[in-house]
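Structure record follows, encoded as structure tokens.
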Amino acid sequence: MAYKVKFTGQFRKDLKSAKKQGKDLNKLFDVIKVLEKGKKLEDKYKDHSLSGKYSGTRECHVEPDWLLVYEIIDDVLMLVLYRLGSHSELF
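The numbering used here puts the first residue of the sequence shown at 16, with every later residue one more than the last.
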């Protein structure tokens with residue numbers, strides 16, 4: 016089962032910023048490919064659900080302080096990418 020990937024406007028801005036910061040975007044796209052296929056991420060990504068402002072979404076660590084906030088909507092097979100950034104940028 017493959018999910019359709021949707022980038023929010025904020026995610027696109029975050030992605031542009033990450034590119035300017037010289038982040039290795041291949042690491043990010045590798046994570047997205049796994050999620051898009053509906054597979055579980057390896058433990059090293061520390062994937063977990065969020066609460067509060069981001070309730071209903073999940074977060075994983077692309078790098079120790081480079082986070083991806085996303086949501087999987089099973090009934091429409093959609094992977095929504097909300098935010099990308101460091102802990103201090105997101106929380």
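Cβ atoms here follow ideal geometry from the backbone N, Cα and C, with glycine treated the same way.
These numbers come from a predicted model, not from an experiment.
Counting only the same chain and skipping the five closest in sequence on each side, list residues whose C-beta sits under 8 Å from that of residue 97.
Taking the first residue of the sequence shown as 1, we reach residue 97 at position 82. 23, 25, 26, 69, 72, 84, 85 and 86, listed in sequence order.
Alpha carbon to alpha carbon, how far is residue 37 from residue 67? Give it in angstroms, no decimals.
Looking up residue 67 in the sequence shown gives position 52. Looking up residue 37 in the sequence shown gives position 22. Their Cα atoms are separated by approximately 30 Å.
Would you mind sorting residue 104 into buried or exposed? The rule is 16 or more other CB atoms within 10 Å of its CB.
In the sequence shown, the residue the question calls residue 104 occupies position 89. Flag for residue 104 reads exposed.
Those residues which DSSP pairs with residue 87 across a bridge
As a first step, residue 87 is located in the sequence shown; it is residue number 72 there, counting from the start. Partner(s): 94.
Assuming residue 75 and residue 46 are in contact, meaning their beta carbons sit under 8 Å apart, how far apart are those beta carbons, in whole angstroms?
Position 60 of the sequence shown, counting from 1, holds the residue named residue 75. Position 31 of the sequence shown, counting from 1, holds the residue named residue 46. With a Cβ gap of about 6 Å, residue 75 and residue 46 count as contacting.
Mind listing, in chain order, the continuous beta strand (DSSP E) runs of no fewer than 3 residues lying wholly within the segment 18-69?
19-22
Give me, in chain order, the residues of the same chain whose beta-carbon lies closer than 7 Å to that of residue 29; leave out the 5 immediate sequence neighbours on both sides.
In the sequence shown, the residue the question calls residue 29 occupies position 14. Answer for residue 29: 98, 99 and 100, listed in chain order.
If I'm right that residue 20 touches residue 51 with Cβ under 8 Å, what's the distance once you round it to whole angstroms?
In the sequence shown, residue 20 corresponds to position 5, counting from 1. In the sequence shown, residue 51 corresponds to position 36, counting from 1. So it is a contact: roughly 6 Å between Cβ atoms.
Measuring straight from C-alpha to C-alpha, what distance separates residue 17 and residue 92?
As a working note, residue 17 is residue 2 in the sequence shown. As a working note, residue 92 is residue 77 in the sequence shown. Their Cα atoms are separated by approximately 7 Å.
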